[in-house]
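Quick notes on the structure that follows.
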């Protein structure tokens with residue numbers, strides 16, 4: 050039986066987060082009600098928690114959270130292929146379905162897109178509603194407390210690698226920044242056919258995790274012109290570099306690292322300005338592809354990747370928290386006490 054009230058982490062202002070009892074949302078026409086099992090903890094959560102966003106984007110009160118998996122407990126109207134009790138993965142961003150971006154399969158860029166835990170109540174709650182077409186069914190055998198991180202970190206790097214830099218089988222891939230996104234990028238690159246992986250970070254614990262995914266680890270602390278070392282290690286240079294940090298220094302190193310015709314994927318969010326020599330785009334035919342979230346059309350592929358066992362959650366997930374410990378999870382993430390991703394379990 051579905052209760053009338055639920056627990057949720059509600060943000061009332063900058064760093065004003067309370068675990069409260071709120072009404073369980075009712076699914077509207079064409080929507081499902083999902084009992085949330087768990088959430089991955091993301092730096093974006095912390096950005097909203099600390100109000101490091103433009104004032105016009107702030108919405109209070111707001112239930113945070115956007116990286117979730119759970120089970121369908123109610124369906125409003127018929128939902129093709131879905132039943133109550135189904136395990137589902139929830140995309141954090143989805144579009145209106147009617148605009149040019151959505152028609153082009155890029156609903157992650159939709160001007161009216163919904164961003165859970167930002168423009169709409171999110172998933173640090175016992176229940177959440179969303180359109181049935183955006184609830185992606187998974188086999189019952191999938192561990193929801195780990196698979197939740199695929200909703201954002203895994204899906205983001207999957208889209209970036211597959212379409213924004215167009216990874217090919219046999220490619221060499223360097224990943225700058227081996228936090229939650231970076232480790233997921235190494236894992237997904239391996240599954241998409243990368244022959245050689247390089248992990249660059251300043252934390253030894255993150256690099257140890259990267260080694261477990263088959264990467265050669267390079268501690269970049271205090272090093273300048275790291276690209277020279279990477280080029281000497283890789284021979285003719287690296288074809289794909291993924292920047293999962295977003296700083297000017299890391300984007301520049303990534304750009305200098307790739308070979309002629311190489312590609313750089315930028316998925317680390319930043320407001321830093323980056324200056325690069327224009328001649329390298331032309332004379333060396335290097336390319337940079339920015340990437341934001343993941344189009345929902347790719348989620349069936351991501352579910353297949355999960356179901357096949359292609360994601361090494363034992364490496365990507367290192368810590369678990371209860372819902373009442375959300376703020377502690379944010380603090381630990383900001384203080385570098387988490388390797389890869391942390392997960393918040395939702396009680397029921």
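Residue numbers (the numbering used here): 50 to 397. Just so it is clear, CB atoms sit at the ideal spot from N, CA and C, and this is done for glycine as well. Predicted model only: the values in this text are computed from it and were never measured.
1) Can you name, in chain order, every residue of its own chain whose Cβ lies under 8 Å from the Cβ of residue 364, other than the five neighbours on each side?
2) Would you mind stating whether residue 308 and residue 288 have Cβ atoms separated by less than 8 Å?
3) For residue 120, list the residues DSSP reports as bridge partners.
4) Could you spell out where the beta strand (DSSP E) holding residue 247 opens and where it closes?
5) For residue 217 and residue 311, I'd like the C-alpha separation in whole angstroms.
6) Compute the Euclidean distance between the alpha carbons of residue 53 and residue 74, then round it to the nearest angstrom.
7) Can you give me the start and stop residues for the beta strand (DSSP E) that residue 356 sits inside?
8) What residue range does the alpha helix (DSSP H) around residue 256 cover?
9) If you draw a straight line from the alpha carbon of residue 69 to that of residue 387, how long is it in whole angstroms?
10) Would you mind stating whether residue 248 and residue 221 have Cβ atoms separated by less than 8 Å?
11) From which residue to which residue does the beta strand (DSSP E) around residue 75 run?
12) What is the rounded straight-line gap between the Cα of residue 97 and the Cα of residue 167?
13) Flag this pair as yes or no: are the beta carbons of residue 77 and residue 94 separated by less than 8 Å?
14) Given residue 339, which residues of its chain have a CB within under 6 Å of its CB, disregarding the five upstream and five downstream residues?
15) Would you say residue 208 and residue 111 are within 8 Å of each other, going by their C-beta atoms?
16) Using only alpha-carbon positions, find the residue among 326, 271, 225 that is nearest to residue 296.
17) Roughly how many angstroms separate the alpha carbons of residue 92 and residue 383, rounded to a whole number?
18) Quick one: is residue 344 buried, meaning 16 or more other Cβ sit within 10 Å of its Cβ, or exposed?
19) If distances are taken between C-alpha atoms only, which option among 87, 284, 367, 211 comes closest to residue 242?
20) Starting from residue 282 and walking both ways along the alpha helix (DSSP H), at which residues does that stretch end?
21) Of all the options 356, 278, 230, which has the alpha carbon lying nearest to the alpha carbon of residue 188?
22) In three-state DSSP terms, what is residue 308?
23) Short check: CB of residue 81 to CB of residue 131, under 8 Å?
24) Apply the 10 Å Cβ neighbour rule to residue 330 and answer buried if 16 or more other Cβ atoms are within range, or exposed otherwise.
25) Please report how far the alpha carbon of residue 143 lies from the alpha carbon of residue 268, in whole angstroms.
26) Sort out for me which residues DSSP pairs residue 384 with in a bridge.
27) Among 360, 179, 320, which one has its Cα closest to the Cα of residue 202?
28) Should residue 377 go down as buried or exposed, given a rule of 16 or more other Cβ atoms within 10 Å for buried?
29) Using alpha carbons as the reference points, say which of 229, 379, 350, 50 lies closest to residue 292.
30) Within 10 angstroms of the Cβ of residue 273, are there 16 or more other Cβ atoms? Answer buried if so, exposed if not.
31) Would residue 200 pass as a contact of residue 116 if the rule is Cβ separation under 8 Å?
In this structure, then:
1) Same-chain partners within the cutoff: 232, 236, 258, 261, 262, 389.
2) yes
3) 84, 136
4) 245-250
5) 12 Å
6) 9 Å
7) Element bounds for residue 356: not the beta strand (DSSP E) but the alpha helix (DSSP H), 348-356.
8) 253-261
9) Straight across, the Cα-Cα distance linking residue 69 with residue 387 is about 26 Å.
10) Their beta carbons are not under 8 Å apart, which means residue 248 does not touch residue 221 by this criterion.
11) Per DSSP, residue 75 belongs to no beta strand (DSSP E) and is neither H nor E.
12) For the pair residue 97 and residue 167, the Cα-to-Cα distance works out to about 7 Å.
13) No.
14) 315
15) no
16) Nearest of 326, 271, 225 to residue 296, Cα basis: 225.
17) Taking the straight line from one Cα to the other gives about 8 Å.
18) buried
19) 211
20) 275-283
21) Of 356, 278, 230, the residue nearest in Cα terms is 356.
22) When DSSP states are grouped into helix, strand and coil, residue 308 belongs to the strand group.
23) yes
24) exposed
25) Each residue's alpha carbon lies about 37 Å from the other.
26) Looking at the DSSP assignment, residue 384 forms no beta bridge with any residue, so it has no partner.
27) 360
28) exposed
29) Residue 229 is the option with its Cα nearest to residue 292.
30) Exposed is the call here.
31) yes
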